[in-house]
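Last residue of the sequence shown? That's 1421 in the working numbering, and every number before it is there in order.
Beta carbons are placed, not taken as given, at the ideal position from N, Cα and C, and that holds for glycine.
A short write-up of the structure that comes next.
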Amino acid sequence: MKPVDTGFEGLALYPRHLDEVAQRALAAELARALERAPPYRPQMPRTGKPWSIRQMNFGPLGWVSRPEGYGYASRDEVNSAPWPAIPAALLALWDDVAAYPASPECCLVNLYEQPKARMGLHRDEDEAALDAPVVSLSLGDTCVFRVGGFARGDKSKSFRLSSGDVLVMGGSSRLRFHGVDRVIFGSSRLIPGGGRINLTLRRVTKPA
Ligand code: SIN
Ligand code: FE2
């Protein structure tokens, strides 16, 4: 399927890229994986303030936020274990939409589990492979996703991201500010108990 025009070059939105059956299968696989590798509540750098969401990672590298700073780690230090492997369905999604000659190394899992869960405006800039896009899949409740420019105060616009939608931030949109204003709780029945799961695939290191 072709992406819809977002008005930003390099920012591609594929509505319902995953159909209901694929969403259900992936949600069930994630639930099983997250039982073995429990998500944790990250802390803000410096202040140690807890985030409103919980996180986990799949893949050889995991993105972490802790009082010492942001960055990638090769192990899950909270659970004292390697990060679990990226599910095959997500590797297939990357192959479908990323148009990049190497695999993703990190799948960050963001769990929006309560009505006040959100994510402030930020840029994904801890990766050396900035030529690779960020591929983001939404599952469960719809969110209001904000995309801005290249400085924090730039004009921004919002999009609704619903279950099964895929957003690709690449090319000249790779370093745009973005964040989640809010989640519309109760808008989907995919996840038992409600809430939203976001899966963000990224290439971190430059391929050899
Ligand atoms: C992120 O920017 O890491 C997550 C965005 C989202 O939850 O859609
Ligand atoms: Fe991000």
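Check residue i in the structure and name its three-state DSSP category.
i	result
Ala1311	coil
Val1277	strand
Leu1374	strand
Val1291	coil
Ala1286	strand
Val1234	helix
Arg1245	helix
On the DSSP bridge list, what partners appear for residue i?
i	result
Tyr1410	Checking the sequence shown, residue 1410 turns out to be Ile, not Tyr. Its beta-bridge partners are Leu1324, Leu1352.
Val1357	Arg1373, Arg1395
Asp1218	Ala1225
Arg1415	Cys1319
Pro1263	Gln1256
Would you give the residue range spanned by the alpha helix (DSSP H) that residue i belongs to?
i	result
Val1381	Looking at the DSSP string, Val1381 is not in any alpha helix (DSSP H); the run it does join, the beta strand (DSSP E), is 1379 to 1382.
Rounded to whole angstroms, what's the CA-CA distance from residue i to residue j? Just pull it up for me.
i	j	result
Ile1410	Asp1367	27 Å
Tyr1253	Ser1385	33 Å
Gly1333	Pro1420	30 Å
Met1269	Ala1302	17 Å
Gly1220	Thr1260	37 Å
Pro1314	Arg1267	31 Å
Ala1294	Arg1249	11 Å
Val1357	His1391	11 Å
Ala1298	Leu1247	12 Å
Lys1370	Pro1273	33 Å
Leu1306	Asp1378	11 Å
Just reading off the beta strand (DSSP E) that residue i is part of, what are its end residues?
i	result
Leu1334	1332 to 1335
Leu1226	1224 to 1227
Gln1268	1267 to 1271
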